[in-house]
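A.B. asks: In our numbering, the protein residues as written are 1 to 608.
The structure under discussion is supplied below as structure tokens; questions concerning it will follow.
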């Protein structure tokens, strides 16, 4: 009996220690702590010692107040003003579960330890529209009850985010529903049993960190992702304006004070442009900087470099004619709003306010404010799909923009090569067309493919020739580093003419080559770009009908000039000189072959 009683006491002690590990350390203003058994209101500025919070504690902050919490592992939680947060599950082996019913919370999560197989002790935040998993990160999560937008902004590390519906079992509303009675001024609750919450741990870990991460967005340093559309996954993470990030990062108390655009003094209202000085540098994003939309996958990303309104969760993208900043790799927003210099919050343009559902609204009806309202609301609508460049003329894309766009091209090709054999030299040229496609990359990497259809252009020869055309194809990957340099790796499969001395004839042979290329932008004028490049070529050995081709090496160098017709299209000219050596053998055709000459390519390319 004594042993059984001791076991029960120890079990209760362990249970208490497992659950009561989050404490309210400090804060400001009025904070309400509400649980099933009690309700209390405190003045956070008078907190003298830590207050332990049990499971199922609802924390409500008022205007201009905040609450700072911590757990035993050293994770920090800051609940911003006008927020409602439920501490759902506090468990050292299951993770911390937090429901964000309204408002904003900033979490500085340490790297968690691994427990029981593939299960980790992570921090999970859920709203009525999203799940967010946090580990080794400093992230900000917001939820607006009026537009059902959940947004995640990461300062360090990364956070995983996935959209859910209001009726989903992981939704915050399924765990706790709170309503304030008009007569009794009380808050009523509906709780799920604790064991059901614990069972969610494995499922949510698998959803956010498992093998199949379909529709899960990984929000990295300086990026923002949100649930803008009810019928689509969360937006692909995009970089924020570095100046706003720089001001938001030290805002550890989540001060949301917003000063009017009419407030005098540049020390309060900052323009998001220019991007200069020692600013917060976001991580490279996976989506296109200019915005992208996939109808089949329902994936979308607005244009990078915009401002975020933390109250509504709305992301305000840069203008259509915004220029691209090569250093920070974002578009430089100029007239979409301003930034509070003390806390980084968004300030709407003069005479405008931002509504969670209707976008920008006019406060004072003037011709300028109405025009600005129309312009900004059109910008919000278009950037939820794809930014358009049709109204931007007289400018060109930067190298980084090219690496985050699809570019299709059509050109004329002339290859004038001299083939030097042991028996003599032969002029064996080719002419035709090239179709090229550079696929959308992430601003640094870009895959591409080129296909050429060439007709023979041989000088008069006594050799018999039954060849009419040649096929050539290049598959490659470009990588841009710095602002003017790039490297490229390619696999080319080329049909080339081969002279067989034994039969005095010309035949076609297939050469498979590996190519490495280095390029540099030498000139960057208003409408003209000029690149110099050089590369090495290694051809593989190949056995053909009646003869063998041994491996060989080649070098080439040249240049490329682009003349931009408008923002999204240009004409180009390429000139390269190639020197390539290989050998053929078999059936009396033994010979070293020195292939040299020029390659000219002239055409048109269009980005989309």
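Cβ coordinates follow ideal geometry from the N, Cα and C atoms, glycine included.
It should be emphasised that the depicted structure is a prediction, and the values quoted were computed from it without experimental measurement.
Counting only runs of 4+ residues fully inside the stretch 211–270, write out the alpha helix (DSSP H) ranges in chain order.
C.D. replies: Runs found: 242–248.
A.B. asks: Find the nearest neighbour of residue 125 within the set 250, 600, 159 and 112, judged by alpha-carbon distance.
C.D. replies: The count along the chain shown starts at 1 and reaches residue 125 at position 125. Of the candidates 250, 600, 159 and 112, the one whose C-alpha sits nearest the C-alpha of residue 125 is 159.
A.B. asks: If you follow the beta strand (DSSP E) that residue 497 is part of, which residue opens it and which one closes it?
C.D. replies: Counted from its first residue, the chain shown places residue 497 at position 497. That run of the beta strand (DSSP E) goes 485–500.
A.B. asks: How big is the Cα-Cα spacing for residue 168 and residue 255?
C.D. replies: For this step, residue 168 is matched to residue 168 along the chain shown. For this step, residue 255 is matched to residue 255 along the chain shown. Going from the Cα of residue 168 to the Cα of residue 255 covers about 32 Å.
A.B. asks: Please classify residue 366 as buried or exposed, where buried requires at least 16 neighbouring CB atoms within 10 angstroms.
C.D. replies: Counting from one through the chain shown, the residue named residue 366 turns up at place 366. Residue 366 should be labelled exposed.
A.B. asks: At the level of alpha carbons, what is the spacing between residue 405 and residue 28?
C.D. replies: Start at 1 with the first residue of the chain shown, and residue 405 comes out as number 405. Start at 1 with the first residue of the chain shown, and residue 28 comes out as number 28. Cα to Cα, the separation comes out at about 47 Å.
A.B. asks: Which residue wins for smallest C-alpha separation from residue 35, given the options 305, 59, 276 and 278?
C.D. replies: Residue 35 sits at position 35 when you count from the first residue of the chain shown. With distances taken between Cα atoms, residue 35 lies closest to 59.
A.B. asks: Any idea if residue 214 is buried or exposed, counting beta-carbon neighbours within 10 angstroms, 16 or more meaning buried?
C.D. replies: By 1-based counting over the chain shown, the position of residue 214 is 214. Counting Cβ neighbours within 10 Å, residue 214 comes out exposed, since fewer than 16 surround it.
A.B. asks: With a threshold of 6 Å on Cβ separation, who are the neighbours of residue 376 within its own chain once the five nearest residues in sequence on each side are excluded?
C.D. replies: In the chain shown, residue 376 corresponds to position 376, counting from 1. These residues qualify, in order along the chain: 360.
A.B. asks: Identify whether residue 166 lies in helix, strand or coil by the three-state DSSP scheme.
C.D. replies: Here residue 166 refers to the residue found at position 166 when the chain shown is read from its first residue. Coil, per DSSP.
A.B. asks: Check this for me: beta carbons of residue 594 and residue 420, under 8 Å apart or not?
C.D. replies: Within the chain shown, numbered from 1, the residue matching residue 594 stands at position 594. Within the chain shown, numbered from 1, the residue matching residue 420 stands at position 420. Yes, the Cβ-Cβ distance between residue 594 and residue 420 is below 8 Å.
A.B. asks: Does the beta-carbon of residue 608 have 16 or more other beta-carbons within 10 angstroms, so that it is buried, or is it exposed?
C.D. replies: As a working note, residue 608 is residue 608 in the chain shown. With fewer than 16 other Cβ atoms within 10 Å, it is exposed.
A.B. asks: Establish whether the CB of residue 405 and some CB of chain D are separated by less than 8 Å.
C.D. replies: In the displayed structure, chain D is absent; only one protein chain is listed.
A.B. asks: Since residue 473 is in the beta strand (DSSP E), which residue starts that stretch and which ends it?
C.D. replies: Within the chain shown, residue 473 is the residue found at index 473, counting from 1. Residue 473 -> beta strand (DSSP E) spans 469–481.
A.B. asks: Which value, in whole angstroms, describes the spacing of the CA atoms of residue 434 and residue 504?
C.D. replies: Along the chain shown, read from residue 1 onward, the residue named residue 434 stands at position 434. Along the chain shown, read from residue 1 onward, the residue named residue 504 stands at position 504. Computed Cα separation, rounded: 31 Å.
A.B. asks: For the structure I just gave you, are there three or more beta carbon pairs, one from the stretch 343–355 and one from the stretch 304–323, closer than 8 Å?
C.D. replies: Because the criterion of three Cβ pairs below 8 Å is met, the stretch 343–355 and the stretch 304–323 touch.
A.B. asks: Counting beta carbon pairs with one atom in the stretch 520–532 and one in the stretch 557–565, are three or more of them shorter than 8 Å?
C.D. replies: With the cut-off at 8 Å, the stretch 557–565 and the stretch 520–532 touch.
A.B. asks: Please name the residue or residues paired with residue 311 in a DSSP beta bridge.
C.D. replies: Position 311 of the chain shown, counted from the first residue, corresponds to residue 311. BP columns for residue 311 are empty, so no partner.
A.B. asks: Could you give the uninterrupted runs of the alpha helix (DSSP H) lying entirely in the stretch 320–352, keeping only those of 4 residues or more?
C.D. replies: List check, alpha helix (DSSP H) in window: nothing returned.
A.B. asks: Assuming residue 449 and residue 475 make a contact with CB atoms under 8 Å, what is their CB distance in whole Å?
C.D. replies: In the chain shown, the residue the question calls residue 449 occupies position 449. In the chain shown, the residue the question calls residue 475 occupies position 475. 5 Å between Cβ atoms; contact.
A.B. asks: Apply the 10 Å Cβ neighbour rule to residue 250 and answer buried if 16 or more other Cβ atoms are within range, or exposed otherwise.
C.D. replies: In the chain shown, residue 250 corresponds to position 250, counting from 1. So residue 250 counts as exposed.
A.B. asks: Could you name the residues of the same chain whose beta carbon sits closer than 8 Å to that of residue 247, not counting the 5 residues immediately before and after it, in chain order?
C.D. replies: Along the chain shown, read from residue 1 onward, the residue named residue 247 stands at position 247. 270, 339, 340, 341, 342, 343 and 344, listed in sequence order.
A.B. asks: DSSP puts residue 580 in a beta bridge; with which residues?
C.D. replies: Position 580 of the chain shown, counted from the start, is the residue given in the question as residue 580. Beta-bridge pairing links residue 580 to 554 and 595.
A.B. asks: Reducing DSSP to helix, strand and coil, say where residue 393 ends up.
C.D. replies: As a working mapping, residue 393 is identified with position 393 in the chain shown. Annotation note: pLDDT 34 at residue 393 (below 50); position unreliable, coordinate value reported separately. Residue state, collapsed to three classes: coil.
A.B. asks: Does any heavy atom of the ligand PLP sit closer than 7 Å to the C-beta of residue 282?
C.D. replies: Looking at this structure, you won't find the ligand PLP or any other ligand, since it has none at all.
A.B. asks: So what does DSSP say about residue 456, is it helix, strand or coil?
C.D. replies: Residue numbering aside, residue 456 sits at position 456 when the chain shown is read from its first letter. Of the three classes helix, strand and coil, the one that applies to residue 456 here is strand, per DSSP.
A.B. asks: Residue 162: buried (16+ other C-beta within 10 angstroms of its C-beta) or exposed?
C.D. replies: Working through the chain shown from its first residue, we reach residue 162 at position 162. Buried is the call here.
A.B. asks: Taking 8 Å as the threshold (C-beta atoms), are residue 121 and residue 95 in contact?
C.D. replies: If you number the chain shown from 1, residue 95 lands on position 95. If you number the chain shown from 1, residue 121 lands on position 121. Contact flag set, yes.
A.B. asks: Using a threshold of 8 Å, state whether the C-beta atoms of residue 454 and residue 472 are closer than that.
C.D. replies: In the chain shown, residue 454 corresponds to position 454, counting from 1. In the chain shown, residue 472 corresponds to position 472, counting from 1. Their beta carbons are under 8 Å apart, which means residue 454 touches residue 472 by this criterion.
A.B. asks: Is it right to say residue 520 is buried, meaning 16 or more other beta carbons lie within 10 angstroms of its own, or is it exposed?
C.D. replies: Start at 1 with the first residue of the chain shown, and residue 520 comes out as number 520. Counting Cβ neighbours within 10 Å, residue 520 comes out exposed, since fewer than 16 surround it.
A.B. asks: Within a Cβ cutoff of 6 Å, which residues of the same chain sit near residue 138, ignoring the five residues on either side of it in sequence?
C.D. replies: Your numbering for residue 138 matches position 138 in the chain shown. Result list for residue 138: 108, 155 and 156, in chain order.
A.B. asks: Would you mind stating whether residue 112 and residue 88 have Cβ atoms separated by less than 8 Å?
C.D. replies: Along the chain shown, read from residue 1 onward, the residue named residue 112 stands at position 112. Along the chain shown, read from residue 1 onward, the residue named residue 88 stands at position 88. Taking 8 Å as the Cβ cut-off, residue 112 and residue 88 do not qualify as a contacting pair.
A.B. asks: Going by CA-CA distance only, name the one from 372, 227, 244 and 326 that's closest to residue 301.
C.D. replies: Here residue 301 corresponds to residue number 301 of the chain shown, with the count starting at 1. The shortest C-alpha separation from residue 301 is found at 227.
A.B. asks: Can you tell which of 381, 493, 253 and 41 has its C-alpha closest to the C-alpha of residue 303?
C.D. replies: As a position in the chain shown, residue 303 is number 303, starting the count at 1. For residue 303, the nearest C-alpha among the options comes from 381.
A.B. asks: Take the Cβ of residue 468 as the centre, count every other Cβ of all protein chains shown within 10 Å, and call the residue buried at 16 or more, exposed below.
C.D. replies: Your numbering for residue 468 matches position 468 in the chain shown. Counting Cβ neighbours within 10 Å, residue 468 comes out exposed, since fewer than 16 surround it.
A.B. asks: With distances taken Cα to Cα, identify the nearest neighbour of residue 105 among 69, 462, 597 and 26.
C.D. replies: Working through the chain shown from its first residue, we reach residue 105 at position 105. Comparing Cα-Cα distances from residue 105 to each of 69, 462, 597 and 26, the minimum goes to 69.
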